[in-house]
Structure formats: structure tokens, C-alpha cells
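Here the protein sequences come in this chain order: A and B.
The first sequence: position 198 = 243 (this note's numbering), numbered continuously.
The second sequence: position 249 = 294 (this note's numbering), numbered continuously.
Beta carbons are placed, not taken as given, at the ideal position from N, Cα and C, and that holds for glycine.
None of these values were measured; they are calculated from a predicted model.
2 protein chains.
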Amino acid sequence: MGQAEALTALAAIGDSEFDRDTAVTPRPGEPGVYDAELSAGWTIITAVNGGYLLALIGRALSQALPHPDPVTVSAHYLTPSTAGPALVRTELIKSGRTLSTGQASLYQYDDSGAEVERIRVIARYGDLDSLPADVRTTATAPSLPPYDHCLGREDGPAPIPGSSEITERLDLRLDPATAGWAIGAPSGKGEMRAWFGLADGRDADPISLLLAVDALPPTAFEMGLLGWAPTVELTTHIRCRPAPGPLRISITTRNLAGGFLEEDAEVWDSADRLVAQSRQLAAAPRT
Amino acid sequence: MGQAEALTALAAIGDSEFDRDTAVTPRPGEPGVYDAELSAGWTIITAVNGGYLLALIGRALSQALPHPDPVTVSAHYLTPSTAGPALVRTELIKSGRTLSTGQASLYQYDDSGAEVERIRVIARYGDLDSLPADVRTTATAPSLPPYDHCLGREDGPAPIPGSSEITERLDLRLDPATAGWAIGAPSGKGEMRAWFGLADGRDADPISLLLAVDALPPTAFEMGLLGWAPTVELTTHIRCRPAPGPLRISITTRNLAGGFLEEDAEVWDSADRLVAQSRQLAAAPRT
């Protein structure tokens with residue numbers, strides 16, 4: 046099964062498909078500017094996944110700022126990205142002892158070569174390993190059937206549309222209770238739960254958590270709304286460095302109103318720690 | 046009681062203490078730049094309340110952008126603000142049909158007159174009255190005793206520290222079940238619930254909701270942590286124009302870890318609509 050296979054061919058953090066596809070290259074002579082190539086491997090139909098884009102921007106900030114790890118990242122999505130050349134312009138806003146603050150924008154080029162802004166981000170970075178160890182929590186991990194009882198790509202009618210490149214790169218196993226939409230029987234509840242890993246077995250790190258928070262099918266699918274729900278704003282808090290092993294992710298929508306819906310994600314690691322929380326405001330699919 | 050008094054002396058939206066104290070003045074010859082005076086009336090000890098500051102920045106963006114109402118506002122708090130002169134620099138990032146996107150920074154002046162950045166914001170603005178009317182929600186309003194059974198300033202031992210100017214400007218009535226901290230008996234739960242209004246009876250509007258999401262005593266108090274919990278990041282989604290009348294607000298902390306805690310706020314109006322959702326990441330009080 047998936048887990049056993051993964052154990053025989055684990056990609057390492059820093060040497061994996063995800064790392065190569067989110068790599069950024071400092072532009073000579075322009076401090077804080079990074080060139081990048083948006084991979085076609087992380088697309089849904091033709092749209093590049095918003096979590097993948099956030100991880101790439103997060104990697105640029107990780108290089109530009111004095112601290113290595115994202116702690117809180119607020120992203121506004123302006124225009125849809127496509128596979129191909131891109132650049133990230135970063136700015137150090139403030140450098141502190143515990144946290145540094147930066148801004149970054151992802152751009153692509155229009156037909157005339159002019160830069161078009163895709164996403165703008167303000168972020169706080171820190172060193173997750175240096176934070177105090179105290180935890181007080183009432184949060185509980187999502188209730189999810191065992192990995193082998195959840196639905197992956199190979200389980201009959203694809204729970205994720207087959208034309209999406211990103212599904213090849215994720216080891217996503219949906220809770221059958223939240224996968225009804227895939228067989229035309231959505232639960233009507235704004236909930237989705239899944240086991241999450243990268244297909245090549247690379248473990249999670251703070252940068253890949255920025256992908257994880259936006260990598261499940263939209264909750265709108267389980268609400269019976271099968272259109273595209275483009276992200277308007279996405280804020281992610283990284284609460285802890287994730288332990289090795291598969292993640293559990295729940296996403297929840299409680300309120301669709303005025304043509305928008307919120308989607309709250311929680312990401313839990315194998316050590317039962319809440320490693321990331323995010324909320325996005327998305328445009329509701331047109332019905 | 047408070048409600049009856051308020052009915053006899055209601056301040057109007059646009060002509061109230063809150064409106065005057067969040068006013069911004071366009072600086073002649075510098076488009077997008079607004080001068081302001083941070084009022085001493087919205088302080089906790091000497092710190093200016095983060096929600097008040099956000100409302101003032103939100104008002105500047107409301108003037109600078111083509112759309113009037115905040116829809117989603119992401120704010121990073123960089124340095125503490127003090128009462129006195131300030132300015133807001135705004136930038137129109139992108140103008141769209143339904144939403145426009147802007148950035149704003151609040152600055153104050155150091156001893157040499159140099160600008161010091163206090164808060165940086167990226168925001169989407171729209172026209173809340175033009176949005177589709179459809180609502181699908183599973184969210185429920187906070188369970189709260191009637192207004193007259195909740196605790197205000199006049200109810201014996203002040204549930205809010207008496208040295209705080211802001212308490213004079215709010216009509217805040219805490220659920221007794223979440224006010225134990227005020228008598229040295231915190232519940233231990235990261236929850237706070239209250240009725241919320243402005244003391245002069247001014248009704249809520251989208252700009253004052255930016256105050257409301259950060260106006261309750263911190264959840265950390267009920268967790269037995271009585272120090273200051275400075276906001277690092279605060280994102281607010283305004284989901285609906287609020288109906289007249291008092292608001293109900295709940296704030297919840299589920300996870301304190303690594304020296305940070307999240308605080309989720311929900312604001313409900315008198316028509317039982319979820320009008321605002323916010324989450325902030327704050328530094329946990331040092332213990």
C-alpha cells in the first residue's frame with residue numbers, strides 16, 4: 046500500500062520534487078529579487094495551486110529575511126498564475142530579535158514583458174526551533190479513519206479530477222465521509238478531511254505546510270458547489286515544526302454569504318501537534 | 046439601564062466620538078497620504094488599542110480605494126502606537142469590478158521627526174450592499190445571557206482595568222461565565238463573550254467592526270495569564286453590513302504554543318447575522 050511504498054523511496058527535505066519546483070534563484074545585482082519557474086506540475090486544470098505559490102514565495106522570504114521559518118503569512122491573491130517564468134520581489138520591513146517582518150510579491154510577465162503582480166504577502170519569520178516549548182491546548186486532531194481506509198487516487202472513480210497535475214504530486218487520502226461529492230453525493234456539510242503527504246515521501250517542513258493548507262479539494266465541493274472557488278486572502282500561522290510522517294488536515298466552511306466563504310484549515314502532525322492553522326476567504330462558486 | 050439610556054442619546058454613524066477619533070485628513074499635494082491624530086481615548090494603560098488603529102487605517106483605505114467597505118483586511122503590527130500625531134500612507138494595488146485591493150501603513154514620528162512604521166495592512170474593499178444576498182451557514186451566534194445579566198463597568202469590581210481610557214468609550218457587557226479573571230478566578234478556558242456597543246450609542250458599521258474584533262479583554266486573562274498579549278497579525282473578514290443594535294462577540298483561543306496564541310473572534314449583529322470573523326496571532330503573556 047501507499048505507506049509501505051513510500052518507505053522504500055523517500056525523498057529528502059531539500060532534495061525532492063517539491064523543493065526543486067519551489068526553488069528561487071537570487072537575481073545578480075538586485076538584492077531581494079528572485080527568479081523562479083512556476084512548474085506545470087502543481088496545477089488544477091490550468092490554474093497553479095495557491096498553496097504551491099505560497100510555498101515558493103515563502104522560500105524566497107526564507108532566503109531574504111534574517112529568520113528562516115514562516116510564523117505568520119498573510120497573502121492576497123490578485124490575478125491567476127500560470128506555469129512559466131516568474132519573479133519574487135522581497136522587502137525586509139523590520140528585523141527583530143524573535144521575529145523579522147517582510148513583504149513579498151510574486152509577479153509574472155504579460156505579452157509585452159511587463160510585470161503583472163499575482164500575489165502580495167506580508168509575513169513574520171522566526172526560528173521555530175528556538176521558541177519556548179510550553180503548550181496549552183484544547184484543540185483536538187481531526188477524527189479521521191486510518192490511512193488505509195481513506196480514498197486515494199487509485200480507489201476507483203477519482204475523488205480528485207484526473208486532469209489535475211497536482212494530484213500526481215500529492216499523497217492525499219480523503220475521509221470517505223467527506224468525499225461524497227466525487228460520486229455526485231455531497232454531504233452538504235462544508236467539511237473535508239484527509240491524510241496528506243507528498244507523493245515522493247518527502248516529509249513536511251514549515252515551507253511545505255504553506256502548500257498543505259491549500260491542497261485539499263475545496264469544501265465547496267461537499268456543499269454541492271462544484272465550480273472554482275478562487276482564493277481572495279489566505280493567512281497561515283505555522284505553530285510548530287512538523288514531525289516526520291503523514292499529516293492530517295481538516296478544512297471547514299461555516300459561513301457562505303455575499304458570494305464569499307471562509308475556509309479554515311488545521312494541520313496536525315504524526316506527533317499529534319497542531320502544526321498549522323489557516324483561514325482563507327474565497328469567492329463562492331457561481332451557481 | 047444601559048440600553049434605555051442609550052436610546053435617549055444615540056450618536057449617529059458619521060457624527061460620533063468614534064468617527065471623530067478615527068478621522069483622517071488628506072494631505073494636500075500628496076495623494077493617498079492622510080494625517081491623523083491618535084486619540085488618548087482608546088488606550089489600555091498607555092498602549093493604543095489595536096482595533097481602534099485598524100479602524101483608523103480602514104477609514105483611510107475607504108477614502109483611498111474605489112470601493113467603500115472593508116471585506117478582508119490583513120494587518121501586521123510592527124511597533125506599539127502612542128497617542129499623538131500619525132499618518133497613513135496608502136497605495137492602490139489593483140482596482141477590480143467587485144473588489145479593489147490596497148495597502149496602507151500607519152506611521153508615527155520619532156524624536157527626530159523621522160517616520161516609524163507601526164502597522165502594515167493589505168486589504169480588499171468592496172461594496173457590501175451590492176453583494177448577492179444568498180446565505181448558507183452552519184455558524185450559530187454565541188450563547189450569551191441577556192444584556193442586563195452581563196457585567197458592565199458599573200457592576201462592582203471593574204471587570205476591565207479602570208486605568209484604561211477605552212473602557213469609557215465602549216458599552217461592553219461581559220458574560221459572567223467568562224469574567225472570572227476579574228475577581229481572580231479565571232475559568233482556565235480560552236473564551237470570552239460579551240455584548241458590545243459604543244458608549245455613545247453609535248451603531249456599528251463596517252469600519253467600527255474593525256475595532257470590535259479587537260476590543261474585548263484578551264482570552265489569555267481567562268487562561269490565567271494576566272500580562273499583555275501584543276498582536277502580531279490580525280486578519281478580519283467583514284461578511285455583512287451590521288444591522289443597528291448591540292453586537293455579540295465571542296473570542297476563543299484553542300492553542301497556546303511556542304510563546305504564541307491565536308485568538309478567533311466572531312461578531313454577530315442584532316439580526317442574527319455573522320457580520321465579522323477575525324483571527325489574530327498574539328504573543329502569549331510572559332509567565
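Per DSSP, reduced to three states, the secondary structure at H112/A is coil, with no helix or strand assignment. Taking 9 Å as the CB threshold, I138/A lines the interface with chain B. At least one CB of chain A lies nearer than 9 Å to the CB of M268/B. Within the segment 64–96 of chain B, no residue has its Cβ closer than 8 Å to any Cβ of chain A. Here R247/B really is in contact with F63/B; their C-beta atoms are around 6 Å apart, less than 8 Å. Contact annotation: L326/B and V93/A have beta-carbon atoms that are not nearer than 9 Å.
Residue range P251 to A257 is occupied by the alpha helix (DSSP H) that includes S253/A. Membership of I211/A in the alpha helix (DSSP H) is indicated by the continuous run I211 to R214. Two segments are said to touch when three or more pairs of C-beta atoms, one from each, lie closer than 8 Å; by this definition the segment 121–137 of chain A touches the segment 67–87 of chain A.
For P177/A, the neighbours in chain B by C-beta distance under 9 Å run, in chain order, A302, G303, G304 and A329. Three or more beta-carbon pairs drawn from the segment 281–289 of chain B and the segment 104–118 of chain B are found closer than 8 Å, and the two stretches are therefore classed as touching.
Residue-level contact check: H112/B does not touch chain A, since none of the beta carbons of chain A fall below 9 Å from its beta carbon. Our two residues, S126/B and K139/A, have alpha carbons roughly 16 Å apart in a direct line.
In the three-state reduction of the DSSP assignment, G171/B falls in the strand class. Around the CB of D193/B, fewer than 16 other CB atoms lie within 10 Å, so the residue is classed as exposed.
In this structure, DSSP gives P76/A a state outside helix and strand, which the three-state scheme calls coil. Less than 9 Å divides the Cβ of T146/B from the Cβ of L123/A. CA-CA distance, W313/B to T185/B, rounds to 9 Å. Boundaries for R65/A: no beta strand (DSSP E) harbours it, while the alpha helix (DSSP H) harbouring it runs E62 to D66, taken from the DSSP string. When the five nearest sequence neighbours on each side are left out, the beta carbons in the same chain lying within less than 7 Å of the beta carbon of E210/B are those of A85, G86, W87 and T88, in order along the chain.
For the segment 313–324 of chain B, the set of residues with a beta-carbon nearer than 7 Å to any beta-carbon of chain A comprises L319, Q322 and R324, in chain order. Distance from the CA atom of A257/A to the CA atom of A244/B, rounded to whole angstroms, is 44 Å. At a cut-off of 9 Å between C-beta atoms, E307/B counts as an interface residue with respect to chain A. Taking 9 Å as the cut-off, the beta carbon of P263/B is found closer than this to the beta carbon of E308/B. For the segment 269–281 of chain B, the residues whose beta carbon sits under 8 Å from a beta carbon of chain A are, in order, V277, E278 and T280. For E160/B, no CB of chain A lies under 9 Å from its own CB, so it is not counted at the interface with that chain. Segment contact: the segment 68–78 of chain B against the segment 97–113 of chain B, three or more CB-CB distances shorter than 8 Å; contact assigned. One alpha carbon belongs to I167/A, the other to A239/A, and they sit about 28 Å apart. The alpha-carbon of E267/A is positioned some 12 Å away from that of P330/A. For the set A224/A, N300/A, G290/A and P289/A, the Cα lying nearest the Cα of L271/A is the one of A224/A.
DSSP lists T297/A and R324/A as the bridge partner or partners of D309/A. In this structure, the alpha-carbon of S315/A lies about 11 Å from that of A249/A.
Just measuring C-alpha positions, the residue of T182/B, Q153/B and R142/B sitting nearest G171/B is R142/B.
Of all residues in the segment 221–244 of chain B, those with a C-beta nearer than 8 Å to a C-beta of chain A are K234 and G235, reading in chain order. Taken in chain order, the unbroken stretches of beta strand (DSSP E) that lie wholly in the segment 92–144 of chain A and span 3 residues or more are 114–122 and 129–140. V78/B and A100/B have their alpha carbons spaced roughly 16 Å apart.
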